[in-house]
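Using the working numbering, you'd call the opening residue of the sequence shown number 167 and step up by one each time.
Backbone N, C-alpha and C define an ideal beta-carbon position, used for all residues, glycine too.
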Amino acid sequence: MSKQAFEEANEVFVDDRYEEAYELYTNALTNDDKTDSHFTSKVLSARAQCALKLKTFPDALNDSNNAIQLDENNIKAYLRKGIALYHQNLKEEALKTFIRGLEIDSANDQLKVWKEKCEKEFEEKKQSIVATVDKEKPSAMVNTEKEKLAAVAVPVAPIPAKIKHSFYQNESVVTIQIPIKGLKKEQVQVQTTDTTLNVGTKIPATGTDYSLELDLAFPIDSSRTNYNVTGSNIEIKLYKRQAVQWTSLDAKSSAGKTQPPIPMCQAVTTKAPTYPSSSQRAKNWNQIEAQIKKDEKDNKEDMGDANAIFQQLYRDSDENTRRAMNKSMAESGGTCLNMNWEEVSKGKISCEPPDGMEWKKYDS
167 MSKQAFEEAN EVFVDDRYEE AYELYTNALT NDDKTDSHFT SKVLSARAQC
217 ALKLKTFPDA LNDSNNAIQL DENNIKAYLR KGIALYHQNL KEEALKTFIR
267 GLEIDSANDQ LKVWKEKCEK EFEEKKQSIV ATVDKEKPSA MVNTEKEKLA
317 AVAVPVAPIP AKIKHSFYQN ESVVTIQIPI KGLKKEQVQV QTTDTTLNVG
367 TKIPATGTDY SLELDLAFPI DSSRTNYNVT GSNIEIKLYK RQAVQWTSLD
417 AKSSAGKTQP PIPMCQAVTT KAPTYPSSSQ RAKNWNQIEA QIKKDEKDNK
467 EDMGDANAIF QQLYRDSDEN TRRAMNKSMA ESGGTCLNMN WEEVSKGKIS
517 CEPPDGMEWK KYDS
């Protein structure tokens, strides 16, 4: 019932009938059994988008917060929360939200544009205060006020919440994955003893420090520890000294204390899958098509806002900023936007294609 209402809401939303769609999303939440937190988060985020269209920004903020609480990796919820905060003139909180979203997905263009919009407004406000001080106060007082203002920076988000890591295992190896995008191996430090793990790096999107320190649940052979860095993950392999099931990485976790170690040679569960091959459940292709159309419309509208903001940023920027934007986009093939002329003028901007894609030149 809940999923059917959600699909109907998507169809109505595509037709710009936002009030009706809002009611259907509400029905979907009312009938939701709350067993699938990712689905509930998705519905809340969709209703938040409806609230933005209806300009009921407090409702959009409330739904976005609840969506994030259920799914910390719901990028659309971060975007819609930030937009809701921005339109309520809570721009410092909005900036922090966009930064937090970029810590999860550093390649998200919509989050980047909104982040730069907030930072630009803060910088303009700071410059306006400086100009007012210059005009209205004697020179000695101006210098004092300027010194105070020089210490004022664009609002920076607090130390981010710990990025959620995951792990999987076999009888001999525990593999840990930490979802941070845009890193190179030399930017990551991994240290282990037979009973501890320490990981340190900086998050590329924000420059903030990230660290993971664990007292491990079981001993490992630290001499064999190795790690790799992909475009989207830090992957660490820990080699077990005992072939036992790890229910948690952390020795302090209550999950590992509730039961004795389980040898990996034993089946963790004796329940057989009810249908081990492909699903026999029929698919409703009309609903799937409606969902695809809704997602396409969401992306088109979000990118439409992003393009408008980008045009405004370009129009309001000084000559050096425009030169930096043009040069970085042209030389990187549209994969990198940099507004700092001091950085861009130092050399050619390299191409940074999205994860899983490869840049190729075509012969003319």
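Identify whether residue i lies in helix, strand or coil by the three-state DSSP scheme.
i	result
Q408	coil
D237	coil
I325	Since pLDDT at I325 reaches only 47, below the 50 mark, its modelled position is unreliable, and the value read off the structure follows with that caveat. I325 falls in the coil class under three-state DSSP.
S511	coil
D416	strand
V320	The pLDDT assigned to V320 is 49, lower than 50, so where the model puts this residue is not dependable; a value taken from the coordinates is nonetheless given after this. DSSP places V320 in coil when its eight states are reduced to three.
S338	coil
L349	coil
L503	coil
S516	coil
T359	coil
N274	coil
K291	helix
S168	helix
I344	strand
N450	coil
V180	helix
E174	helix
S494	helix
V365	strand
T436	Since pLDDT at T436 reaches only 40, below the 50 mark, its modelled position is unreliable, and no value is offered.
E524	coil
Hey, residue i and residue j: beta-carbon distance below 9 Å or not?
i	j	result
I234	S203	no
I265	A371	yes
I241	D275	no
L349	L382	no
E290	M505	no
V286	D482	The amino acid occupying residue 286 in the given sequence is Lys; Val does not appear at that position. Their beta carbons are under 9 Å apart, which means K286 touches D482 by this criterion.
P429	A409	yes
K330	S398	no
S338	Y405	yes
T367	I400	yes
Y460	Y393	Checking the sequence shown, residue 460 turns out to be Lys, not Tyr. Result no, Cβ atoms of K460 and Y393 do not sit closer than 9 Å.
Q355	Q170	no
F179	K463	yes
I369	E238	no
L261	F288	yes
A226	A250	yes
Write down the C-beta distance between residue i and residue j rounded to the nearest angstrom, noting that I regard them as a contact closer than 8 Å.
i	j	result
P385	T413	Between T413 and P385 the Cβ distance is about 16 Å, and since that is not below 8 Å, they are no contact.
A194	A217	That pair is no contact at about 15 Å.
Y184	A212	The pair is not a contact, with the Cβ atoms about 11 Å apart (cut-off 8 Å).
T391	T358	5 Å
T560	K247	Residue 560 is absent from the structure shown; the chain starts at 167 and stops at 530.
Give a yes or no on whether the minimum CB-CB distance between residue i and chain C is below 9 Å.
i	result
I270	Protein chain content of the structure displayed is limited to a single chain, and chain C is not contained in it.
Residue ranges of each beta strand (DSSP E) within the region 367-410, 3 or longer: The beta strand (DSSP E) runs lying completely inside the region 367-410 and spanning 3 residues or more are 375-381, 392-395 and 400-405, given in chain order.
Stretch pair the region 207-225 + the region 257-266: three plus CB contacts closer than 8 Å: With a cut-off of 8 Å, the region 257-266 and the region 207-225 do not count as touching, because too few Cβ pairs lie within range.
Length-filtered (4 minimum) alpha helix (DSSP H) runs lying within the region 188-271: Restricted to the region 188-271, the alpha helix (DSSP H) segments that are unbroken, complete and at least 4 residues in length are 203-219, 223-236, 241-253 and 257-270, listed in chain order.
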